[in-house]
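These notes concern the structure reproduced below.
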Amino acid sequence: MTMILANRTEAGRLLAKKLTTYANRSDVMVLALPRGGVPVAFEIAQALHLPLDICLVRKLGVPGHKELAMGAIASGGVIVFNNDVVKSIGISEEAITKVIKRERKELKRRDRLYRGN
Numbered sequence: 014m015t016m017i018l019a020n021r022t023e024a025g026r027l028l029a030k031k032l033t034t035y036a037n038r039s040d041v042m043v044l045a046l047p048r049g050g051v052p053v054a055f056e057i058a059q060a061l062h063l064p065l066d067i068c069l070v071r072k073l074g075v076p077g078h079k080e081l082a083m084g085a086i087a088s089g090g091v092i093v094f095n096n097d098v099v100k101s102i103g104i105s106e107e108a109i110t111k112v113i114k115r116e117r118k119e120l121k122r123r124d125r126l127y128r129g130n
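Sequential numbering of the sequence shown, starting at 14, is according to my numbering.
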């Protein structure tokens, strides 16, 4: 069944109703993926009286083909690779390191922007 929702705020409120067992728990936090996930997560956190934080993730695009993902990097330093892509294209360690360095810089910039520090 497909639901048509007015906006992300409505989606968050509806989702919060499905997650009430997590309300007021000290061992639960709502994590949002900017940008689109923040309004959804905000409504959930508010309704369930839970802390809200963001999880920043950046695609590691193949050099010369940025839309093709060879992996992802997240805040906290987590890096995941699609080894099939890396091997099939033969991406050099040097090229991978360059992409990681660029995306780490962008993660830090966005972290400062979103957190205000």
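For glycine and all other residues, C-beta sits at the position ideal for the given N, C-alpha and C.
My guess is that V75 and V98 are in contact by the Cβ rule of under 8 Å, so how many angstroms apart are they, rounded?
-> Working through the sequence shown from its first residue, we reach residue 75 at position 62. Working through the sequence shown from its first residue, we reach residue 98 at position 85. So it is a contact: roughly 7 Å between Cβ atoms.
Considering G77, what are the terminal residues of the alpha helix (DSSP H) in which it resides?
-> For the purposes of this step, residue 77 is taken as the residue at position 64 of the sequence shown. No residue range can be given for G77, since it is assigned to no alpha helix (DSSP H) and is classified by DSSP as neither H nor E.
Is the Cβ-Cβ distance between V53 and L28 less than 8 Å?
-> Position 40 of the sequence shown holds residue 53. Position 15 of the sequence shown holds residue 28. For V53 and L28, yes; Cβs fall inside 8 Å.
Note the first and the last residue of the continuous beta strand (DSSP E) segment covering I92.
-> Numbered from 1 along the sequence shown, position 79 holds the residue referred to as residue 92. Its beta strand (DSSP E) spans residues I92 to F94.
So G49 packs on R21, CB below 8 Å; how close in whole Å?
-> Position 36 of the sequence shown, counted from the first residue, corresponds to residue 49. Position 8 of the sequence shown, counted from the first residue, corresponds to residue 21. The pair is a contact, with the Cβ atoms about 7 Å apart (cut-off 8 Å).
Consult DSSP for R48 and reduce its assignment to one of helix, strand or coil.
-> If you number the sequence shown from 1, residue 48 lands on position 35. When secondary structure is reduced to three states using DSSP, R48 falls in the coil class, being assigned neither helix nor strand.
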